[in-house]
Amino acid sequence: MTTISIEQAGKYDGQEVTIKGWLYNLRESGKLLFPIFRDGTGIMQGVCALKENPEAFAALKGLTQESSVIVGGKIRAEQRAPGGFEMGVSTIEVLQKVSEATPFPIQLKEHGVDFLLDHRHLWIRTPRSAAILRIRAEAIRAARNYMDEQGYTLTDAPIFTPAACEGTSTLFEVNYIDDQKAYLTQSGQLYGEALAMALGKIYTFGPTFRAEKSKTRRHLTEFWMLEPEAAYAELDDMMALAEGLVSAMVQSVVKNKSRELETLKRNIQKLENIKAPFPRISYDEAIAILHKHGNPAKFGDDIGGDEETIVSSEFDRPVMVHRYPAAIKAFYMQPDAQRPDLALAFDMLAPEGYGEIIGGSQRIHDYDLLVKRLRENNLPEESFQWYLDLRRYGSVPHAGFGLGLERTVAWICGTEHIREVIPFPRMLYRVYP
Ligand code: NSS
C-alpha cells in the first residue's frame with residue numbers, strides 16, 4: 000500500500016493507503032472509535048468499527064495520545080472532517096504505546112505559557128506550532144529566492160567576533176581559546192561590508208545574539224537575521240530592496256501556506272494588502288504623527304515600542320521611517336549631506352503593532368570620519384583595523400539592512416509573542432529545553 004502524507008490525502012480519494020504518524024486524539028463511542036492521527040503535515044480523522052475490523056479496533060481502543068502508529072485504510076471525502084477527508088481504518092500497527100502512567104503532558108486544553116515553554120520539545124507537535132514552523136520555512140525560502148533573483152550572493156558571517164557591531168551593552172562574552180576574549184555576533188553587518196567589497200551584492204543569513212535585558216514580546220536573546228549589503232548603493236536603494244523583500248515573503252506565505260494561516264485564524268485579507276510600494280516618512284514626520292496622537296516625543300528621542308505602534312497605526316502596510324538623529328543611531332551610519340545631524344538610516348515598522356522588523360542604513364565610507372566616530376563611541380580601534388581597511392582600499396558608498404526573521408514571521412502569523420515562531424526560543428530567563 001502507498002504511504003502518503005496527510006497533506007496529500009485529497010489526491011487519494013477512494014484508495015487504500017498507509018499513514019505513518021501519531022495518535023493525536025481518540026473519541027470512543029461504543030462499537031465505533033474516532034481517532035485523529037497526525038503525521039506532521041496535517042491531521043486526519045479516522046473511523047474504526049468493531050464489527051468490520053475487530054483487530055484494528057482492539058489495537059486502537061484505549062490507545063494513549065501521541066502513541067506512534069502506522070495506519071492503513073481507505074481515504075474518503077467527508078465534508079465535516081478537518082481537511083475534507085477521513086480514513087476508514089482497517090489496520091493499525093502500534094510502534095510505541097505511551098504509558099498510561101506517564102501520559103503525554105500536553106492535553107488538548109489550554110495550558111499556561113510557562114508550562115508550554117518548559118515542554119517546548121513536545122509543544123512543537125501541536126498543529127498550531129507545526130503551522131507556524133511551516134510558515135517560517137516558507138518565509139525563509141521566499142526571502143532567499145527573492146535575494147538570489149535580485150543578484151545577491153548568499154555568504155556567511157562568523158559567529159565568534161572580536162568586537163561589537165550594535166553597541167557594547169548587549170554583548171555575550173565568550174571565553175575563547177587560551178583566555179582570549181570573543182563575543183557572539185550581534186549582526187553580520189561589518190563582515191557583510193567586507194564581502195560586498197569583494198562580491199558586489201551579498202546577503203548573510205544566520206543566528207545573531209543579544210544579551211537584551213528587555214522582557215518584551217519582541218525580544219529574544221538568539222534570533223535570525225537576514226542582512227543584505229551592496230557596494231555602490233545608497234539609502235533609497237535599500238528601502239526599495241526592503242519593501243520588495245517583505246512583499247515577496249508575505250505574498251509567498253499567502254499563496255503557499257493558506258491552510259496554515261487558516262489554522263492560526265490569521266486575517267489573510269490584511270496580508271494580501273502587503274504589496275510594494277510601502278509608505279516612507281522621515282523621522283520628523285514620525286514625530287509629528289506622535290504629536291497628533293498626544294505623545295510628547297521630541298527630536299532626539301528614540302522611537303520605542305509604544306511609539307512604533309502609534310506611527311504604524313496610520314498605515315495598512317509596513318511604513319519605512321528614515322533619517323533619524325545621528326546621535327541615537329549606530330557609529331557606522333553615513334550622515335545626511337543636507338543635514339549632518341541626521342543619519343541616512345531607516346527602520347521598517349510592521350502594521351498591527353508588531354514594531355520594527357528591519358533596521359538599515361548607508362554606511363560611512365570616509366576613513367577619517369569613521370575613525371572619528373569610533374573614538375567618539377569609545378570603541379577599540381585595534382579591533383576595527385580590518386574594518387578601516389575597507390575605507391583604505393577602494394572605499395565606495397555602500398548600504399544594507401537587517402531583517403529580523405522572528406519579528407517578521409510573528410507578524411505574518413499574527414502570534415502574540417515572537418517566542419512561538421522559533422523552534423527553541425532563547426530569552427532573558429530561558430535556555431531550557
Ligand atoms: O539592530 S538592528 O536594528 N540593526 C542591525 O543589527 C544592523 N547591523 C543590520 C544591518 O544593517 N545589517 O537589528 C535589525 C533587526 C531589527 O529590526 C529587528 O527586526 C531584529 O533585527 N532584532 C531582534 N529580533 C528579535 N529579538 C531581538 N532582541 C532583536 N534585536 C533586533
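Following numbering that gives the first Met the number 0, the numbering of the sequence shown begins with 0 at its first residue and continues without gaps.
Virtual Cβ for every residue (Gly too), placed ideally from N, Cα, C.
All values derive from a computational prediction rather than experimental measurement.
Worksheet item: In the segment 366-412, which residue ranges form an unbroken beta strand (DSSP E) of at least 3 residues, counting only runs that do not cross its ends?
Response: Restricted to the segment 366-412, the beta strand (DSSP E) segments that are unbroken, complete and at least 3 residues in length are 397-403, listed in chain order.
Fill in: 6 Å CB neighbourhood of residue 130 in its chain, flanking five on each side removed
Excluding sequence neighbours, residue 130 sits near 259, 262 and 263.
Worksheet item: Is residue 110 helix, strand or coil when you go by DSSP?
Response: Residue state for residue 110 is assigned as coil, using DSSP reduced to three classes.
Fill in: Segment contact flag, the segment 291-299 with the segment 215-231, C-beta cutoff 8 Å, min 3 pairs
Between the segment 291-299 and the segment 215-231 there are fewer than three inter-stretch CB-CB distances shorter than 8 Å, so the stretches are not counted as touching.
Fill in: Distance between residue 406 and residue 396 (C-alpha atoms, nearest Å)
Looking at the two C-alpha atoms, the distance is approximately 29 Å.
Worksheet item: At a cut-off of 8 Å, is residue 400 close to the ligand NSS when judged by its beta-carbon and the heavy atoms of the ligand?
Response: Yes - the ligand NSS has a heavy atom lying nearer than 8 Å to the Cβ of residue 400.
Item to complete: Enumerate in chain order the residues of its own chain whose CB-to-CB distance from residue 283 is below 8 Å, with the five nearest sequence positions on each side excluded.
Response: Hits under 8 Å: 298 and 322.
Practice prompt. Using beta-carbon positions only, say whether residue 15 and residue 71 come within less than 9 Å of one another.
Written response: Closer than 9 Å, so yes.
Worksheet item: Any chance the CB of residue 241 is under 8 Å from a heavy atom of the ligand NSS?
Response: The answer is no for residue 241.
Discussion item. Please identify the residue among 187, 82 and 257 whose C-alpha is closest to the C-alpha of residue 268.
Written reply: With distances taken between Cα atoms, residue 268 lies closest to 257.
Discussion item. Using a Cβ distance threshold of 8 Å, determine whether the segment 23-34 contacts the segment 236-249, with at least three qualifying pairs required.
Written reply: Contact fails: fewer than three Cβ-Cβ distances are below 8 Å.
Worksheet item: So what's residue 146 in DSSP terms, helix, strand or just coil?
Response: Residue 146: helix per DSSP, three-state reduction.
Discussion item. According to DSSP, is residue 250 part of a helix, a strand, or is it coil?
Written reply: Under the three-state reduction of DSSP, residue 250 is assigned to helix.
Worksheet item: Between residue 200 and residue 156, what straight-line distance do the alpha-carbon atoms span, to the nearest angstrom?
Response: Distance between the alpha carbons of residue 200 and residue 156: 14 Å.
Worksheet item: To which residues of the same chain is residue 52 closer than 7 Å at the C-beta, ignoring the five residues directly before and after it?
Response: Around residue 52: 88 and 89.
Worksheet item: Would you report the Cα separation of residue 2 and residue 25, rounded to the nearest angstrom?
Response: When rounded, the distance between both Cα atoms is 22 Å.
Discussion item. I'd like the list of long-range same chain contacts for residue 499, defined as Cβ closer than 7 Å, with 5 residues on each side in sequence excluded.
Written reply: Coverage of the chain is limited to positions 0 through 432, which leaves residue 499 absent and any answer about it impossible.
Discussion item. Measuring only the C-alpha atoms, how far is residue 0 from residue 19?
Written reply: Going from the Cα of residue 0 to the Cα of residue 19 covers about 12 Å.
Worksheet item: In the structure shown, what three-state DSSP assignment does residue 196 receive?
Response: Helix at residue 196.
Worksheet item: Residue range of the alpha helix (DSSP H) that residue 434 falls in?
Response: For the chain, the structure presents residues 0 to 432; residue 434 sits outside this window and is missing.
Discussion item. For the structure I just gave you, are there three or more beta carbon pairs, one from the segment 413-426 and one from the segment 377-389, closer than 8 Å?
Written reply: Too few Cβ pairs lie closer than 8 Å, so no.
Worksheet item: If you draw a straight line from the alpha carbon of residue 185 to that of residue 242, how long is it in whole angstroms?
Response: Put simply, the backbone Cα of residue 185 is about 23 Å away from that of residue 242.
Fill in: residue 311 - DSSP class collapsed to helix/strand/coil
Three-state result, residue 311: helix.
Discussion item. Nearer than 8 Å: is that true of the beta carbon of residue 242 relative to any heavy atom of the ligand SAM?
Written reply: Looking for the ligand SAM in the displayed structure turns up nothing; the ligands present are the ligand NSS.
Discussion item. Closer than 8 Å to a non-hydrogen atom of the ligand NSS - does that hold for the CB of residue 319?
Written reply: Incorrect: residue 319 has no Cβ contact closer than 8 Å to the ligand NSS.
Worksheet item: Do you know offhand how far residue 22's Cα is from residue 76's?
Response: So the two alpha carbons sit approximately 21 Å from each other.
Item to complete: Say whether the segment 122-140 touches the segment 35-48, bearing in mind that this needs 3 or more beta-carbon pairs closer than 8 Å, one atom from each stretch.
Response: Flag = yes, the segment 122-140 and the segment 35-48 touch.
Worksheet item: Taking 8 Å as the line, does the beta carbon of residue 140 fall inside it for any heavy atom of the ligand NSS?
Response: Answer for residue 140: no, Cβ out of range of the ligand NSS.
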